[in-house]
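Working notes for the structure below.
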Amino acid sequence: MESARRPLVSQLWVKNRRNEAVLDPERPALSWKELQPKSGRVCHSVPISEIIAVETEQKRYNSDTWQKFNHHAFTVHYAQRAQKHCWRCSAVTFWCKDEELCHQWIQAIKKLLELQTSRPKHLLVYINPYGGKQQGKQIYEQKVAPLFSLASITTDVIVTERANHAKDDLFEVNLEKYDGVISVGGDGMFSEVMHGLIGRMQKDSSIDQNNPSAPLAPCNLRIGIIPAGSTDCICYATVGINDPVTSALHIIIGDLQHMDVCSVHHNNTFLKYSVSLLGYGFYGDVLKDSEKNRWMGPTRYDFSGFKTFLSHHYYEGTVSFQQANQTLGSPRDKSTCQSGCYICKQSTQEVEEKRKRHHYNLEETEDDGDWKVIRGKFMAINAANMSCACPRSPKGLSPAAHLAAGTIDLILVRRCSRLNFLRHLVRHKNQDDQFDLAFVEVYRVKTFLFTPKHSENEDTDNKDVRKKHFNQICNGNHSSCGCNHVNSIWNCDGEALDHAAVEVRVHCQLIKLFARGIEEDSKP
Numbered sequence: 132m133e134s135a136r137r138p139l140v141s142q143l144w145v146k147n148r149r150n151e152a153v154l155d156p157e158r159p160a161l162s163w164k165e166l167q168p169k170s171g172r173v174c175h176s177v178p179i180s181e182i183i184a185v186e187t188e189q190k191r192y193n194s195d196t197w198q199k200f201n202h203h204a205f206t207v208h209y210a211q212r213a214q215k216h217c218w219r220c221s222a223v224t225f226w227c228k229d230e231e232l233c234h235q236w237i238q239a240i241k242k243l244l245e246l247q248t249s250r251p252k253h254l255l256v257y258i259n260p261y262g263g264k265q266q267g268k269q270i271y272e273q274k275v276a277p278l279f280s281l282a283s284i285t286t287d288v289i290v291t292e293r294a295n296h297a298k299d300d301l302f303e304v305n306l307e308k309y310d311g312v313i314s315v316g317g318d319g320m321f322s323e324v325m326h327g328l329i330g331r332m333q334k335d336s337s338i339d340q341n342n343p344s345a346p347l348a349p350c351n352l353r354i355g356i357i358p359a360g361s362t363d364c365i366c367y368a369t370v371g372i373n374d375p376v377t378s379a380l381h382i383i384i385g386d387l388q389h390m391d392v393c394s395v396h397h398n399n400t401f402l403k404y405s406v407s408l409l410g411y412g413f414y415g416d417v418l419k420d421s422e423k424n425r426w427m428g429p430t431r432y433d434f435s436g437f438k439t440f441l442s443h444h445y446y447e448g449t450v451s452f453q454q455a456n457q458t459l460g461s462p463r464d465k466s467t468c469q470s471g472c473y474i475c476k477q478s479t480q481e482v483e484e485k486r487k488r489h490h491y492n493l494e495e496t497e498d499d500g501d502w503k504v505i506r507g508k509f510m511a512i513n514a515a516n517m518s519c520a521c522p523r524s525p526k527g528l529s530p531a532a533h534l535a536a537g538t539i540d541l542i543l544v545r546r547c548s549r550l551n552f553l554r555h556l557v558r559h560k561n562q563d564d565q566f567d568l569a570f571v572e573v574y575r576v577k578t579f580l581f582t583p584k585h586s587e588n589e590d591t592d593n594k595d596v597r598k599k600h601f602n603q604i605c606n607g608n609h610s611s612c613g614c615n616h617v618n619s620i621w622n623c624d625g626e627a628l629d630h631a632a633v634e635v636r637v638h639c640q641l642i643k644l645f646a647r648g649i650e651e652d653s654k655p
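Residue numbers for the sequence shown follow this note's numbering, beginning at 132 and rising by one.
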C-alpha cells in the first residue's frame with residue numbers, strides 16, 4: 132500500500148528530448164521537465180483530474196514505422212486551458228526504451244484515473260437538430276462524440292423530432308443506468324431537459340408541483356450543455372464561453388456545479404421553471420413581438436428589441452418580495468460568482484442541513500428578511516437567477532448574481548424617458564454600473580409576487596389589434612394610441628408565460644451541471 136503511494140519517476144523521451152517524468156499519487160499530478168534544455172528549464176504539470184485518457188502508441192501507428200525505432204510509447208490526452216476560458220484536448224507522447232516500463236506507466240495512470248469517481252461512464256444525449264443555426268447534430272458528431280469515445284464514455288443518443296420530445300421521454304426512460312443527461316442545443320433545449328428531469332424527480336417523490344410552498348426533490352443526475360443555439364446564455368454563465376469542446380471536456384472530467392431554480396406559479400398552478408431570466412415589460416414585449424418574426428432567425432431579437440424600445444410601454448402593478456439574508460451578498464457587490472464561490476459554498480452547507488431536518492421531520496428554522504411591497508409604473512421587471520451574461524452582454528443583467536446561493540436579483544426599472552431607458556440598456560454592454568440610475572432599483576430576494584393593476588381579462592392580448600410596423604409607438608398613454616397594452620407577458624428563459632400575475636420562489640441548488648463555474652482567467 133505504501134509503495135502504491137510513492138511517486139513513479141523515470142527518464143522518458145518527449146519529442147526526441149530526454150525528460151524526467153513524475154507521476155505523484157499524493158498531489159495527484161503528472162509532471163515532466165527536460166533534463167538538458169536549450170533554454171530555461173520549463174516544468175509541465177497536469178492534474179490527474181484533468182487527464183482524459185492514456186493509450187499505448189502501438190495501437191495508433193503503422194507497424195513498419197514503429198519497428199524502425201525499436202521503442203515503446205504511450206500518449207496522455209489531457210484538458211489544457213487556452214484563452215478566455217476556452218479548453219482544448221492536448222496530448223503528449225512519452226517514449227520508453229523497454230516495454231515493461233511503458234506498461235508500468237500506463238497501468239499507474241489508469242489506476243489513478245479509476246479513482247476519479249465523479250466521472251460519467253454512460254450518458255443520455257438529446258440533440259436538437261433545429262436550434263440556432265441547425266448544426267446541433269453536426270457539432271455533436273464532429274466535435275463531441277470523438278472526445279467521449281476517447282474517454283471511454285458510452286452514450287445513448289436521441290435526436291429530437293418535436294417540441295417537448297426530450298421532456299416527455301425523460302418521464303419514461305430508465306434513468307438509473309445513466310450518469311448524466313446531455314443537452315445539445317440552445318437554452319430552449321436545456322430548459323426542456325431540465326423540466327423533464329425536475330418533473331420526473333417530483334413525480335417519483337410524490338411531490339405536487341402545483342404547491343408553491345412544497346420543498347422540491349433535488350435532481351441527482353447532472354446535466355451537461357453542449358452549446359449549439361442562438362445565445363446559449365446558461366452555458367456562457369456557468370463555463371465562461373460558448374464552445375462545444377470546452378463543455379465536452381468539463382463533462383468528461385466530471386465537473387460539478389450546483390444551480391438554483393425558480394418555480395413560477397399562478398393561483399396555485401405551476402407554470403414553469405426558470406434558471407436565467409424572468410422578464411416582464413420590455414423583455415416580455417420583445418419576446419412576444421419576436422415570435423411573429425421567427426422567419427428572420429436570430430436577427431428577429433434585434434428587430435423586435437428596436438420596435439419595443441420605440442414603443443416605450445410601461446405597466447402598472449404591485450411587486451411584493453422577501454429579501455434575502457445579508458450574508459448572501461448584494462446585487463451591488465463588485466465581486467462576481469466564480470468557481471469555488473464562498474457564498475455558494477456556504478449555501479451548500481445550509482441546504483444539506485435543511486434537507487437533513489426535512490428528512491427527520493425536524494422543525495424548520497428560517498432566517499429570511501422582511502417582506503417589502505412596491506407599487507408603481509414599470510418599464511421592466513427583471514428577475515435574474517444568474518448574471519445572464521452572454522457574448523452580447525459580457526457582464527449580463529446582474530453581474531453579481533450567484534448561481535447557487537438560493538437567491539434571485541430582482542431589478543425594477545420604473546417609468547422613465549426613452550433616453551434614460553436607453554442609458555440603462557447601454558450599460559449592459561459597457562463597464563458602467565447599470566443600477567446606478569435614479570429610476571432603477573435592485574434587491575436580492577428569496578421569493579416575490581407580482582400583481583398587475585388591471586386584471587388579466589381586461590387585456591385584449593393584442594390579438595384584435597393588428598397594428599403594423601411602428602404605429603405602436605406611443606407616449607405611454609395606451610388609451611390615446613390604441614395599442615391596448617394593458618398587461619405585458621413574462622419572458623421565462625425565452626418562453627412566454629400566459630399569465631401576468633405570478634408567484635416566484637427560489638429552490639436552492641435544485642439541479643447539478645457538468646461545470647465548475649467561471650474560473651479566474653489567467654491567460655492573457
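Glycine is no exception: its CB is placed at the ideal position from the N, C-alpha and C atoms.
| query | result |
| --- | --- |
| Closest residue to residue 430 among 185, 305, 362 and 137 (Cα-Cα distance) | 362 |
| Distance cut-off 6 Å: residue 512 Cβ against heavy atoms of the ligand COA | Summarising the ligand content, the structure contains no ligands, and the ligand COA is consequently not present. |
| Spatially closest choice to residue 218 from 392, 390, 384 and 512, by CA coordinates | 384 |
| Exposed unless 16 or more other CB atoms sit within 10 angstroms - verdict on residue 427 | exposed |
| Backbone CA spacing between residue 164 and residue 152 [nearest angstrom] | 7 Å |
| Residue 661 vs residue 315 beta-carbon contact at 7 Å | Because residue 661 is not part of the residues shown, which for the chain are 132 to 655, the question remains open. |
| Endpoints, beta strand (DSSP E) assigned at residue 152 | 148-155 |
| Where the alpha helix (DSSP H) containing residue 414 begins and where it ends | 413-421 |
| Same chain, Cβ closer than 7 Å to residue 419, neighbours up to 5 away in sequence not counted | 620 and 627 |
| Three-state class that DSSP yields for residue 641 in the structure shown | strand |
| C-alpha gap between residue 144 and residue 310, whole angstroms | 37 Å |
| Which listed residue (446, 302, 521 and 267) has its alpha carbon closest to that of residue 364 | 521 |
| Which of helix, strand or coil DSSP assigns to residue 622 | strand |
| Inter-residue spacing [alpha-carbon to alpha-carbon] between residue 607 and residue 260 | No answer about residue 607 holds up, because its pLDDT of 47 lies below 50 and its placement is not dependable. |
| Of the residues 549, 648, 523 and 519, the one placed nearest residue 101, counting alpha carbons only | Here the chain comprises residues numbered 132 to 655, so residue 101 is not present and cannot be evaluated. |
| Proximity below 7 Å, CB of residue 379 to CB of residue 275 | yes |
| Residues near residue 140 in its chain [Cβ-Cβ closer than 6 Å; skip 5 each side] | 153 |
| Distance between residue 575 and residue 271 (C-alpha atoms, nearest Å) | 38 Å |
| Reference residue 539, options 524, 523 and 517, closest by Cα | 517 |
| Exposed unless 16 or more other CB atoms sit within 10 angstroms - verdict on residue 174 | exposed |
| Whole-angstrom distance between residue 557 and residue 460, CA atom to CA atom | 25 Å |
| Of the residues 469, 176, 247 and 148, the one placed nearest residue 155, counting alpha carbons only | 176 |
| Identity of the residues DSSP links to residue 405 by a beta bridge | 393 |
| C-beta contact flag for residue 462 and residue 569 at 7 Å | no |
| Local Cβ density within 10 Å of residue 171, reported as buried at 16 or more and exposed below that | exposed |
| Runs of alpha helix (DSSP H) lying entirely within the region 303-373, each at least 4 residues, in chain order | 318-335 and 364-370 |
| N- and C-terminal bounds of the beta strand (DSSP E) containing residue 277 | From DSSP, residue 277 is part of no beta strand (DSSP E) but of the alpha helix (DSSP H) over 276-281. |
| Opposing strand residues paired with residue 130 [DSSP bridges] | A query on residue 130 cannot be resolved here, the shown segment of the chain reaching from 132 to 655 and no further. |
| Beta-carbon proximity of residue 395 to residue 403, cut-off 7 Å | yes |
| Element boundaries [beta strand (DSSP E), containing residue 212] | 203-212 |
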